[in-house]
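Chemist: UniProt numbering puts the first residue of the sequence shown at 1, with every later residue one more than the last.
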Amino acid sequence: MVALEELQRSKAQTEENEELRKAHDKRRERLYLIQTNFKTIRDQMKEMEKSHGLSGGRRQRPEPWQLRQENSDAVWNELAYLKNLNRKLITENQL
Numbered sequence: 001m002v003a004l005e006e007l008q009r010s011k012a013q014t015e016e017n018e019e020l021r022k023a024h025d026k027r028r029e030r031l032y033l034i035q036t037n038f039k040t041i042r043d044q045m046k047e048m049e050k051s052h053g054l055s056g057g058r059r060q061r062p063e064p065w066q067l068r069q070e071n072s073d074a075v076w077n078e079l080a081y082l083k084n085l086n087r088k089l090i091t092e093n094q095l
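Spelled out as structure tokens, the structure:
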């Protein structure tokens with residue numbers, strides 16, 4: 001009697017695991033599809049920017065001598081540029 005109950009619980013647990021696995025596989029496939037679409041669109045946007053002569057970022061960065069003063073606009077702009085670049089690289093590495 002006890003063995004029969006354990007067998008039934010085991011069977012129910014196996015079925016539940018199978019359902020969870022199927023749901024997980026569907027979500028994983030959807031994630032892969034979304035990632036692929038995102039990369040395709042990102043590449044298309046980069047190509048479009050290049051074809052229209054738009055650069056994704058700043059054109060000129062400050063010279064080292066311009067960064068010697070701590071509280072200058074050049075220092076803060078460079079800091080903002082590097083923070084944005086770091087954020088973009090982290091985002092790209094996660095994909």
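All residues carry an ideal CB built from backbone N, CA and C; glycine is no exception.
For Trp76 and Asn93, I'd like the C-alpha separation in whole angstroms.
Modeler: Roughly 26 Å separates the two Cα atoms.
Chemist: List the endpoints of the continuous alpha helix (DSSP H) containing Leu33.
Modeler: Leu33 -> alpha helix (DSSP H) spans 2–51.
Chemist: In whole angstroms, give me the CA-to-CA distance for Ala23 and Pro64.
Modeler: Whole-angstrom Cα-Cα distance: 55 Å.
Chemist: Would you call the CB atoms of Arg68 and Tyr81 closer than 9 Å?
Modeler: Going by C-beta atoms, Arg68 is not nearer than 9 Å to Tyr81.
Chemist: Taking the C-alpha atoms as reference points, what is the distance between Gln8 and Arg21?
Modeler: Each residue's alpha carbon lies about 20 Å from the other.
Chemist: Measuring only the C-alpha atoms, how far is Glu49 from Lys83?
Modeler: Between Glu49 and Lys83, the C-alpha separation is close to 22 Å.
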